[in-house]
Ligand code: MD3
Ligand code: FE
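Written out as structure tokens, the structure is:
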């Protein structure tokens, strides 16, 4: 009993870890809204199911993806880009829920980026073994806006690199409810996610979900 209470309190404690001047981890920032966030993910993925997209090179991504908001990130043999329609249904991506918009805006403001208005939310689902190799986020029209990422479920090790692929990345463990905000000088840093280890999260089971909010259009 006592241990459950301690566990709950640990989840409700928030603090910040600076990665570099323009990148900060807001630990447990999303925990308070977890129930509404998980319900919204369920609604979105009912309308636009998670799928393993093809890279331009023809490989199936280990991470399963879907989107909400006006613009959705997609990849296929033609390349990486944003699209206003889900290529699988031909319909617009589900709208961005108010709880998502508010969370992204509050996190950005808390990191010093006022008035963040994301128009794209990529939802990544990792099963054990899934990974994201080192890359830059550069399909967005405007690099002035920050990016906000929300980690849910089992922990992952995030790779935080430099402005060149060869720069040795820092390893940053991210757990349930952690929110990362990066902008300014950090906006174009290389980053990735190590292959996910097996684990069980009380709300999400054996998976990790990451929400990435961007101003794409
Ligand atoms: C970048 N997704 O979808 S971004 C992506 O966990 C993507 O699924 C990651 O990269 C994922 O393009 C999460 C998290 C993040 C955190 C801190 C960063 C990216 C960062 C700091 C600098 C650059
Ligand atoms: Fe990325």
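In the UniProt record's numbering, the protein residues as written are 1 to 217.
Built from N, CA and C at the ideal position, the CB exists for glycine as well.
- Residue 200 sits exposed, since fewer than 16 C-beta atoms from the chains shown fall within 10 Å of its C-beta.
- The C-beta of residue 140 has 16 or more other C-beta atoms within 10 Å across all chains shown, which makes the residue buried.
- Judged by beta-carbon spacing, residue 53 lies within the 9 Å limit of residue 76, meaning their Cβ atoms are closer than that value.
- Linking residue 31 to residue 38 through their CA atoms gives a straight-line distance of about 11 Å.
- Within the same chain, Cβ atoms closer than 6 Å to the Cβ of residue 96 are found at 68, 69 and 121, the five residues on either side in sequence being excluded.
- The straight-line gap separating the alpha-carbon atoms of residue 196 and residue 108 is approximately 26 Å.
- As computed with DSSP, residue 191 is found in a beta bridge with 135 and 160.
- Residues close to the ligand FE by the beta carbon criterion (under 6 Å to any non-hydrogen atom) are, from first to last along the chain, 135, 137 and 191.
- In the three-state DSSP reduction, residue 45 falls in the helix class (H, G or I).
- The criterion of a C-beta distance shorter than 9 Å is not satisfied by residue 156 and residue 103.
- By the 16-neighbour rule on beta-carbons within 10 angstroms, residue 94 is buried.
- Secondary structure in the segment 2-89: the alpha helix (DSSP H) runs of 4 residues or longer, each lying completely within the stretch, are 2-12 and 34-47 in chain order.
- Here residue 100 really is in contact with residue 211; their C-beta atoms are around 7 Å apart, less than 8 Å.
- Placement of the Cβ of residue 50 at a distance of 8 Å or more from every heavy atom of the ligand MD3 is found.
- Annotation: residue 176 to residue 17 spans about 15 Å, alpha carbon to alpha carbon.
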